[in-house]
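Asker:
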């Protein structure tokens with residue numbers, strides 16, 4: 038196991054989720070893992086870089102807050118998805134840039150002991166792996182599905198990036214949190230030392 042993971046973990050950051058604290062199974066898994074980590078004495082935060090809530094969603098949640106003891110922050114202007122392609126593109130670029138600088142700030146304050154990544158998107162995964170190398174934190178992937186098993190991911194580009202994620206990048210993470218026995222076996226097969 039990596040030396041980086043053997044140290045005491047006091048602060049865990051979840052990256053890659055785009056709808057916290059509202060969401061379906063993936064968001065609920067983050068909430069449950071976060072609550073367990075808080076119970077173990079960790080500070081837990083979720084950073085979302087993409088605004089996905091529709092404007093008609095009735096909620097008290099804002100750009101930044103706490104849900105069930107888990108701190109969350111959107112690095113966009115708002116957690117609500119703006120109307121119009123130009124505004125959405127601007128939000129995505131701003132979210133990406135602000136996310137990087139927020140991670141640097143947390144890292145400088147020694148508030149990132151480990152990251153749990155909740156995406157199977159190759160481009161995002163590669164970027165977060167580069168951040169982990171640059172900033173020196175271990176990163177584990179929240180492994181809930183295999184992208185290659187999904188019929189809707191059938192374009193040539195997605196087939197290539199899904200293959201790269203599952204056969205190359207997954208091995209480069211410091212660990213994984215598989216959701217099923219089948220995914221545990223898969224991860225042990227491709228990354229037995231992790």
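Numbering (my numbering), first residue to last: 38 to 231. For each residue, glycine too, the CB sits at the ideal point set by N, CA and C.
Excluding the 5 residues preceding and the 5 following residue 39 in the sequence, name in chain order all residues of the same chain whose CB lies nearer than 7 Å to its CB.
Answerer: The predicted model places residue 39 with a pLDDT of 48, which falls under 50 and marks its position as unreliable; any figure quoted below should be read in that light. Answer for residue 39: 175 and 211, listed in chain order.
Asker: Which of the three DSSP states, helix, strand or coil, is assigned to residue 38?
Answerer: Reliability of the predicted coordinates at residue 38 is poor, the pLDDT of 39 falling under 50, and the value obtained from them is presented with this limitation in mind. Looking at residue 38 - three-state DSSP - the assignment turns out to be coil, as it is neither helix nor strand.
Asker: Over what stretch of residues does the beta strand (DSSP E) that includes residue 82 continue unbroken?
Answerer: 80 to 85
Asker: Output the distance between the C-alpha atoms of residue 65 and residue 71, rounded to the nearest integer angstrom.
Answerer: 10 Å
Asker: So, helix, strand or coil for residue 219, using DSSP?
Answerer: helix
Asker: Tell me the start and end of each unbroken beta strand (DSSP E) in the segment 151 to 184 that is at least 3 residues and wholly inside, in chain order.
Answerer: 151 to 154 and 176 to 178
Asker: I need the DSSP call for residue 226, collapsed to helix, strand or coil.
Answerer: Helix.
Asker: Taking all protein chains shown into account, decide if residue 107 is buried (16 or more other Cβ within 10 angstroms of its Cβ) or exposed.
Answerer: buried
Asker: Could you check which residue in 196, 166, 156 and 228 has the C-alpha nearest to that of residue 54?
Answerer: 156
Asker: Taking residue 143 and residue 81 to be in contact with their CB atoms under 8 Å, please state how far apart those CB atoms are, rounded to whole angstroms.
Answerer: Contact flag wrong, Cβ pair sits at about 12 Å.
Asker: Starting from residue 194 and walking both ways along the alpha helix (DSSP H), at which residues does that stretch end?
Answerer: 193 to 204
Asker: Runs of 4 residues minimum, wholly inside the segment 58 to 116: which ones carry the alpha helix (DSSP H) assignment?
Answerer: 62 to 76
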